[in-house]
Amino acid sequence: MPAKTMSARFENELYEEILQYAKEKGIPKTRALRELTKEGVKKWRLTKALILYREGKVTVWKASRMAGVPLSRIIEIAASEKIPIHYTREDLESDFESALGETV
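For the sequence shown, the working numbering gives the first residue as 1355, with consecutive numbering after it.
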C-alpha cells in the first residue's frame, strides 16, 4: 500500500525540537517526523486502552490488543499505574469469542 502524505504546521519551538531529534539521529527531518508521530500514536493507543480497561469497558486482553503490546506487558503497565487487574468469567468468555473471531 503506498504511503499517504500529510502536511502540518508547527510552532517554532516544536519545529526546532523535531530538527534537533533529526540531527541527533542523523536522519532527514521527514523521517524524524514519521518516527516521532509513530511513537506518539503508540503512546496514545496505550493510554486509550488503559483508560477503557480502567473504566471496565474492555478486558485486559482487549486492552493489550488495542495497545499493540503483549498481555504480560499491559498487565505490568496497569500494575505500575495502580490499575487493579480484574478479570471475570464473562471477560474470559468474551476474549475467547474475540480470539476465535465470533461476534461478542
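Even glycine gets a Cβ: it sits at the ideal position worked out from N, Cα and C. Just so it is clear, the structure is predicted and the values come from calculations on it, not from any experiment.
For residue i, the three-state DSSP class (helix, strand or coil)
{"i": "residue 1450", "result": "helix"}
{"i": "residue 1458", "result": "With a pLDDT of 44 at residue 1458, under the threshold of 50, the predicted position of this residue should be treated as unreliable, and no value is reported."}
{"i": "residue 1443", "result": "helix"}
Closest residue to residue i among the options (Cα-Cα distance)
{"i": "residue 1359", "options": "1378, 1367, 1388", "result": "1388"}
{"i": "residue 1434", "options": "1408, 1396, 1381", "result": "1408"}
{"i": "residue 1438", "options": "1397, 1382, 1410", "result": "1410"}
{"i": "residue 1373", "options": "1454, 1397, 1404, 1383", "result": "1383"}
Boundaries (first-last residue) of the alpha helix (DSSP H) holding residue i
{"i": "residue 1395", "result": "1383–1408"}
{"i": "residue 1428", "result": "1425–1434"}
{"i": "residue 1414", "result": "1414–1421"}
{"i": "residue 1372", "result": "1366–1379"}
Presumed contact (8 Å Cβ cut-off) between residue i and residue j, rounded CB distance
{"i": "residue 1441", "j": "residue 1413", "result": "7 Å"}
{"i": "residue 1399", "j": "residue 1380", "result": "Their Cβ separation, rounded to whole angstroms, is 28 Å, which puts residue 1399 and residue 1380 out of contact at 8 Å."}
{"i": "residue 1404", "j": "residue 1431", "result": "7 Å"}
{"i": "residue 1449", "j": "residue 1416", "result": "7 Å"}
Q) Is the region 1416–1431 in contact with the region 1376–1388, if contact means three or more CB pairs nearer than 8 Å? A) Contact fails: fewer than three Cβ-Cβ distances are below 8 Å.
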